[in-house]
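Residue numbers (this note's numbering), protein chains in the order written: chain D, 1 to 320; chain R, 1001 to 1286; chain U, 2001 to 2292. Everything on this sheet refers to the single structure shown next.
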Amino acid sequence: MNARGRSFLERPLRARLPDLWMRWILTALAAGILVLIGYFFVRLIVEAQPALSKFGVFGFTFDNNWDVSRSIYGALPLVVGTLITAAIALLIGVPIAVATAVFLTELCPRGARSLLTILLELLAAVPSVVYGLWGVFVLIPKLKPAEAWFGRTFDFVPFVGPDVAGPNYFIAGLILAIMILPIVSAISREVIATVPEAQKEAALALGATRWEMIRMAVLPYSRAGITGAAMLGLGRAIGETIAVTLVIGNAPQIGHTIFSQGYTLAAVIANEFGEAANNQLHRASLIAAGLVLFVLTLLVNIIARAIVARSGRIKTVGAR
Amino acid sequence: MSTDMTTPDKTTPSTSDSAPAGAPMARMPGRPGAATAKAMALRDVHAFYGDTHAVRGVSLDYAANRVTAMIGPSGCGKSTLLRCINRMHEEIPGAYTKGTIELDGIDLYGKAVDTTAVRRVIGMVFQKPNPFPTMSIFDNVAAGLRLTGRKGSDLKERVERSLHGAGLWDEVKDRLGKPGVSLSGGQQQRLCIARAIAVEPEVILMDEPCSALDPIATLKVEELIADLKERYTIVIVTHNMQQAARVADTTAFMLNGEMVEHGATSVIFTNPTDPRTEQYVTGKFG
Amino acid sequence: MSATIGVLPPVSARRRRTDRVARALLGLATVVALVPLVLVVYYLLKRGLGAISWHFFSTDPTGAFIGDPGGIKSALLGTVEIVGLATLIAVPIGIGVALYLVEYGRDGRFAATVRYFVDVMTGVPSIVFGLFVYITLVIGGFVTDGYAAWKGAVALALLMLPVVTRSAEVVLQLVPDALREAALALGAPRWRVVTRVVLPTAAPGLVTGSLLAVARAAGETAPLLFTSAIVLGTNFSLGQRTNSMPIQIFNDVGQAQDRLVERAWGTALTLVAMILLLNLVARLIARRSRLS
Chain D
1 MNARGRSFLE RPLRARLPDL WMRWILTALA AGILVLIGYF FVRLIVEAQP ALSKFGVFGF
61 TFDNNWDVSR SIYGALPLVV GTLITAAIAL LIGVPIAVAT AVFLTELCPR GARSLLTILL
121 ELLAAVPSVV YGLWGVFVLI PKLKPAEAWF GRTFDFVPFV GPDVAGPNYF IAGLILAIMI
181 LPIVSAISRE VIATVPEAQK EAALALGATR WEMIRMAVLP YSRAGITGAA MLGLGRAIGE
241 TIAVTLVIGN APQIGHTIFS QGYTLAAVIA NEFGEAANNQ LHRASLIAAG LVLFVLTLLV
301 NIIARAIVAR SGRIKTVGAR
Chain R
1001 MSTDMTTPDK TTPSTSDSAP AGAPMARMPG RPGAATAKAM ALRDVHAFYG DTHAVRGVSL
1061 DYAANRVTAM IGPSGCGKST LLRCINRMHE EIPGAYTKGT IELDGIDLYG KAVDTTAVRR
1121 VIGMVFQKPN PFPTMSIFDN VAAGLRLTGR KGSDLKERVE RSLHGAGLWD EVKDRLGKPG
1181 VSLSGGQQQR LCIARAIAVE PEVILMDEPC SALDPIATLK VEELIADLKE RYTIVIVTHN
1241 MQQAARVADT TAFMLNGEMV EHGATSVIFT NPTDPRTEQY VTGKFG
Chain U
2001 MSATIGVLPP VSARRRRTDR VARALLGLAT VVALVPLVLV VYYLLKRGLG AISWHFFSTD
2061 PTGAFIGDPG GIKSALLGTV EIVGLATLIA VPIGIGVALY LVEYGRDGRF AATVRYFVDV
2121 MTGVPSIVFG LFVYITLVIG GFVTDGYAAW KGAVALALLM LPVVTRSAEV VLQLVPDALR
2181 EAALALGAPR WRVVTRVVLP TAAPGLVTGS LLAVARAAGE TAPLLFTSAI VLGTNFSLGQ
2241 RTNSMPIQIF NDVGQAQDRL VERAWGTALT LVAMILLLNL VARLIARRSR LS
């Protein structure tokens, strides 16, 4: 059959090379991601070293003293500010986001659903700096009287007081709530959509009203997934930079009420990096702040993903 | 059931009316003329999906220029066996094959053998028509040639010849630029057959090619199979016993991954030796 | 849970009222969620439209303390330049990684690890990417130190990479296996199956995912702050400091002068319009996709 002494089923190596190349290149790209993240982590640690060795990892993270003029860098005010603003964002954002998700999947008329979904997603398309701009020139002045009234009336509640700084934790938290709303809502929608039709019908068949069906069949089934969605929102809120920088006041102290000025880890990096370029310790401290931020968001994301993954396979988490 | 089970012993099928004489039969230069397809031999073939042992030691000969039908209840391993022949089985993660499959005396699982070369020589038609959605009718047929890196000035002729061979030319000759998916289901399946024969294989494997088609389209494909065996060795997996009786020269019955019995189609359907075969062909199970 | 269901009393007026109130509240929350969008768009138009003129687009910022502050020409062109380069970096790599995950890695352990870390990357704050590029490329000593447009592009590309990868992976998984099998069964080598069958079939979805990533990167400020930095004039050299719209807005807000704030609103309106346009185009292309 074969005059050249080679089987007609063979193929020269040269013809097989493109396949090998493609496989090799794509694998290298994928491996590159892992290398990149590893390198990323190592470089952050190395560059943060001057600050971490001077103040100690614990001292840097938990000392309540960030004083650039005296070259003392204890990041507690930043960590606390980050957590306060993120907490406010979750308290406001998550209930609304989950409500929109329930409404869109279970109650909304079919015709309006896709329009409302697109509008909700557009909320995520507005850049951070634009929310910041809007916060500075619209939210801060317009909300100040309301904040002052609330502070006076509910003075007895912890962390609420009548002294309202223009830029403050609450404003930052409110803007963060708006910014995390789309992702929390989107993931909650996906989770709620996985509730088996049979469970919902079982509830309805037993005479449950629509709301009782939601409370008995939908919410318990998707609780874990919604928790994960909230955690992913938390990750976003912790890392959000520019909008917060513009509306938090950038005061390196722990404010007494939610209407006090403060600072966050992300905001301090954005704000002080320019002046820190020629001051090694200051720069290292800002990089250390970045490292703390990185580790914090990493932990939150890992936990969030574990929760979401356990509540059912959702493929598009975070891909928006 | 047994009365219309005529012996499908048509070793010399009538030539297709739609095919202009000569043209569809022409082979590539350097390769001999008609009736030269190659025979295949399976020896102790096993197929696995991870730990699942799907095909258990099948030995069988496929005669050249004959149609062999593989029948058996679903899950019996007939489709898996088919996919072992053109080495598509191993594309599934965790799946592997053992044993020997020879084409014209060459082991398809030999060390130096390249899977793409195997698939070029052994064409396949799938259960559901699967034309490439981004390609026109013409490009779908040309795809086999382009995808295997063969360039040639005779592309147009070969596409036309393949469409003639699949009995589709007259229906599509005025809309070759239209998307392949715009055709009807039966036409799509014949387009896929044209695509397979454009590569000039020796063997054509068909995995329940008519299961997604209506009776009229099925009839057309069956007629086509009778034409095709003049140039190709054909293996067809089917769950439709009437179809096996209509198109196949030889029939093999599989059960639980094993080859129960094989022989001339007339014998398998009228006078099988194994009681399980008899039970199956008379509709007692499956 | 079934126990609760089992003892439901007949629908009383009270239960009906609860149902109505709860449904109204859920609907109300959805409306509330959209209020910020409406307000932001309203204020962008109200305060930003006045700033927009031909002069606004055709002049660079002057940097003068009084008088004409100039327009946003350098910022507009800089954004296009930086985001364009970031796209050229992130899209091929992102789609390449997705191809690895879908076509080669599949459910293997290595692929699962890569997938996991790509997910983790989506959660990394954008400012941390800026910081990383700063310490490796701006002061790292590998290349010429200092701020440059291409370094900003690298930071944005890092941000886009996981978004492109994840969306591309989803789209590639939608390509029916039947098509891959059809091509393989014809004797096509894997690389031709990928380039001639899988990628063309997935193309509209890949373009949509990439455009959404571009839209997201275009509005990012934090990664550019200390990578491409800010400058007044227009330049087309990728190796120099380059202005961009988000940075321009950030800077103008910080100056707190009326004429600069007006420019900030105008820039914001331009930026948001650009991003919405990208979103719109992405959705229109998605509609043309043959995959569902």
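Positions of the beta carbon are idealized from the N, C-alpha and C atoms, including for glycine.
Residue closest to residue i, alpha-carbon to alpha-carbon, out of the options
| i | options | result |
| --- | --- | --- |
| residue 2135 of chain U | U:2124, U:2276, U:2151 and U:2023 | U:2151 |
| residue 2117 of chain U | D:12, D:180, D:47 and D:31 | D:31 |
| residue 141 of chain D | D:164, D:41, D:264 and D:77 | D:164 |
| residue 2254 of chain U | D:135, D:260 and D:107 | D:135 |
| residue 273 of chain D | U:2076, U:2190 and U:2223 | U:2223 |
| residue 2219 of chain U | U:2159, U:2164, U:2193 and U:2140 | U:2159 |
| residue 126 of chain D | U:2020, U:2038 and U:2164 | U:2038 |
| residue 62 of chain D | D:253, D:304, D:260 and D:271 | D:253 |
| residue 1181 of chain R | R:1130, R:1202, R:1112 and R:1037 | R:1130 |
| residue 1053 of chain R | R:1061, R:1037 and R:1089 | R:1089 |
| residue 1251 of chain R | R:1257, R:1213 and R:1269 | R:1269 |
| residue 1119 of chain R | U:2190, U:2237, U:2284 and U:2176 | U:2190 |
| residue 1135 of chain R | R:1255, R:1188 and R:1263 | R:1188 |
| residue 1121 of chain R | R:1132, R:1144 and R:1128 | R:1144 |
| residue 1216 of chain R | R:1124, R:1153 and R:1184 | R:1184 |
| residue 1202 of chain R | R:1083, R:1104 and R:1057 | R:1104 |
| residue 1265 of chain R | R:1140, R:1075, R:1227 and R:1281 | R:1281 |
| residue 2238 of chain U | U:2198, U:2153 and U:2132 | U:2153 |
Chain-order list of residues whose beta-carbon lies under 8 angstroms from that of residue i (same chain, five-residue window excluded)
| i | result |
| --- | --- |
| residue 1043 of chain R | 1059, 1099, 1100, 1101 and 1102 |
| residue 2145 of chain U | 2138 and 2139 |
| residue 258 of chain D | 84, 88, 159, 160, 168, 169, 170 and 173 |
Supposed contact pair residue j and residue i - C-beta distance, whole angstroms, cut 8 angstroms
| i | j | result |
| --- | --- | --- |
| residue 233 of chain D | residue 184 of chain D | 4 angstroms |
| residue 1117 of chain R | residue 20 of chain D | Going by Cβ atoms, the distance from residue 1117 of chain R to residue 20 of chain D rounds to 16 angstroms, so no, they are not a contact pair. |
| residue 177 of chain D | residue 89 of chain D | 4 angstroms |
| residue 82 of chain D | residue 238 of chain D | 6 angstroms |
| residue 223 of chain D | residue 104 of chain D | Actually they do not touch by this definition, with Cβ atoms about 18 angstroms apart. |
| residue 2241 of chain U | residue 2069 of chain U | About 19 angstroms; that fails the 8 angstroms criterion. |
| residue 2101 of chain U | residue 2169 of chain U | 5 angstroms |
| residue 1147 of chain R | residue 2196 of chain U | 6 angstroms |
| residue 106 of chain D | residue 218 of chain D | 6 angstroms |
| residue 1138 of chain R | residue 1159 of chain R | 6 angstroms |
Range of the contiguous beta strand (DSSP E) that encloses residue i
| i | result |
| --- | --- |
| residue 1095 of chain R | 1095 to 1103 |
| residue 1068 of chain R | 1067 to 1071 |
| residue 1124 of chain R | 1122 to 1125 |
| residue 1206 of chain R | 1203 to 1207 |
| residue 1236 of chain R | 1233 to 1237 |
| residue 72 of chain D | 72 to 75 |
| residue 64 of chain D | 64 to 67 |
DSSP bridge partner residues for residue i (one or two, in chain order)
| i | result |
| --- | --- |
| residue 1258 of chain R | R:1255 |
| residue 1047 of chain R | R:1055 and R:1097 |
| residue 2199 of chain U | Its beta-bridge partners do not exist; DSSP assigns none. |
| residue 1107 of chain R | R:1102 |
| residue 2061 of chain U | U:2070 |
| residue 1136 of chain R | R:1179 |
| residue 1040 of chain R | R:1062 and R:1103 |
| residue 1263 of chain R | R:1251 |
For residue i, the first and last residue of its enclosing alpha helix (DSSP H)
| i | result |
| --- | --- |
| residue 1978 of chain U | Shown here, chain U extends from 2001 to 2292; a query on residue 1978 of chain U therefore has no answer. |
| residue 271 of chain D | 265 to 276 |
| residue 301 of chain D | 280 to 310 |
| residue 1088 of chain R | No alpha helix (DSSP H) holds residue 1088 of chain R; DSSP gives it neither H nor E. |
| residue 2173 of chain U | 2149 to 2174 |
| residue 1164 of chain R | 1155 to 1165 |
Own chain residues within Cβ distance below 7 angstroms of residue i, not counting five before or after
| i | result |
| --- | --- |
| residue 45 of chain D | 291 |
| residue 1064 of chain R | 1037, 1038, 1039 and 1233 |
| residue 1067 of chain R | 1225, 1229, 1234, 1236, 1247, 1248 and 1249 |
Sequence-distant residues of the same chain with beta carbon closer than 6 angstroms to residue i, five excluded per side
| i | result |
| --- | --- |
| residue 3 of chain D | The pLDDT assigned to residue 3 of chain D is 39, lower than 50, so where the model puts this residue is not dependable; a value taken from the coordinates is nonetheless given after this. If we look at residue 3 of chain D and ignore the five residues flanking it on each side, it has no Cβ neighbours. |
| residue 1024 of chain R | With a pLDDT of only 39 at residue 1024 of chain R, under 50, the local geometry of the prediction cannot be trusted, and the value read off the model is given with reservation. 1161, 1164 and 1165. |
| residue 2213 of chain U | 2160, 2163 and 2164 |
| residue 2047 of chain U | 2265 |
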